[in-house]
Amino acid sequence: PPPPGTKYGDITALLRIKADIEEDPTGALDQWGPLSDPCHGQWPHVVCNGLDVIGLFLGDLGLKGSISPAIGDLIDLETVELHNNTFSGNLPPLPFTNFRSNLKFV
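What follows is the structure in structure tokens.
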């Protein structure tokens, strides 16, 4: 049988994050879709430990949009890179009690 896939909640959160990005000039997130699996190497800019999404590396991609509140749904997230993009609004309230104590925003 095929290996188990990434947690459904993580896939849903990543797709919501992508939906809040209005411009992706380089097509960096084009491979993010419901028929592929982020933790089996099919989604660029996503890092997993086993089946848990632990890193989101979106820096230097020229993205434009808002920072999605769905980022708070990635409960195993350890590192987030968002620099050198144009995001509007503030970082949404995040349920830090769900996050590991070593979450880093870069």
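With this note's numbering applied, the sequence shown covers 42 to 147. The beta-carbon is built from N, C-alpha and C at its ideal position, and this holds for glycine as well.
Check residue i in the structure and name its three-state DSSP category.
i: Asp51; result: helix
i: Pro42; result: Note that Pro42 scores 39 on pLDDT, short of 50, meaning its location in the model is unreliable; the coordinates nonetheless yield the value given after this. Here Pro42 sits in coil by DSSP.
i: Ala111; result: helix
i: Pro79; result: helix
i: Leu56; result: helix
Kindly indicate which residue of the options has the alpha-carbon position closest to the one of residue i.
i: Val118; options: Gly82, Val87 and Leu102; result: The identity of residue 118 in the sequence shown is Leu, whereas the question assumes Val. Answer by Cα proximity: Val87.
i: Leu115; options: Thr127, Ser129 and Asp93; result: Asp93
i: Thr120; options: Ala111, Leu102, Phe98 and Leu104; result: Phe98
i: Ile108; options: Asn131, Pro75 and Asn90; result: Asn131
i: Asp51; options: Phe128, Ala111, Gly82 and Pro66; result: Ala111
i: Tyr49; options: Ala60, Ser77, Gln72 and Asp71; result: Ser77
Which partner residues of residue i appear in the DSSP bridge assignment?
i: Asn6; result: No information on residue 6 is available, as it lies outside the stretch 42 to 147 that the chain covers here.
i: Gly106; result: Ile62 and Phe128
Taking Cβ positions, are residue i and residue j nearer each other than 9 Å?
i: Ser85; j: Ala69; result: In the sequence on display, residue 85 carries Pro and not Ser. Yes, these two residues count as a Cβ contact at 9 Å.
i: Cys89; j: Thr47; result: yes
Report, in whole angstroms, the separation of the C-beta atoms of residue i and residue j, which I expect to be a contact under 8 Å.
i: Gly106; j: Glu64; result: 7 Å
i: Gly103; j: Thr67; result: 6 Å
i: Leu55; j: Pro75; result: Wrong, their Cβ atoms sit about 10 Å apart, outside the cutoff.
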